[in-house]
Amino acid sequence: MSAVRAGTYPVQYKHGRPVQSRSGAWRRTDRYLPTGSLDTVHCAGPNDDSPLHRHWELANYDAKCDLCWLGFPHTVDLHSQRRSDD
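The sequence shown maps to residues 9 to 94 in the working numbering.
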């Protein structure tokens, strides 16, 4: 088994293709493999294939990240980008 990045989990999602919205934000639709449900995930751009940031776990929550604060699903790369915007 490969190492898991901090704030992530073993692969349980199939990543969708990032699409840019009219507002300019990037999102992708990931499929949760155990149930087949689809989840919209905010991502950093067209090449963001990073895993979902587990913002709902207290150890990963960061109030300085607006997406964590709002409770929006987002990727590890976008989380890092939002944190560096301080």
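Note that the Cβ used here is the ideal one computed from N, Cα and C, for glycine as well. Quick caveat: nothing in here was measured; it's all calculated off a predicted structure.
Test item: CB-CB of residue i and residue j under 8 Å
i, j, result
"residue 89", "residue 52", "yes"
"residue 26", "residue 39", "no"
"residue 24", "residue 37", "yes"
"residue 78", "residue 87", "no"
Which of helix, strand or coil DSSP assigns to residue i
i, result
"residue 82", "strand"
"residue 91", "helix"
"residue 75", "helix"
"residue 28", "strand"
"residue 64", "coil"
"residue 21", "strand"
"residue 43", "coil"
"residue 9", "Any reading at residue 9 needs caution, since the residue's pLDDT is 38, under 50, leaving its predicted position unreliable; the model's value is listed next. Here residue 9 sits in coil by DSSP."
"residue 57", "coil"
"residue 38", "strand"
Assumed close pair residue i, residue j - CB separation to whole angstroms, cut-off 8 Å
i, j, result
"residue 81", "residue 56", "Residue 81 to residue 56, Cβ: 13 Å. No contact."
Spatial neighbours of residue i in its chain, beta-carbon cut-off 8 Å, leaving aside the 5 residues before and after
i, result
"residue 91", "70, 72, 73"
Contacts around residue i, its chain only, beta-carbon distance under 6 Å, and the 5 residues preceding and following it disregarded
i, result
"residue 58", "83, 84, 85"
"residue 130", "It is not possible to answer for residue 130, since the shown part of the chain is limited to 9 through 94."
Neighbourhood of residue i by C-beta, 7 Å cutoff - its chain only, sequence neighbours within 5 removed
i, result
"residue 49", "35, 36, 38, 60, 81, 82, 83"
"residue 28", "34"
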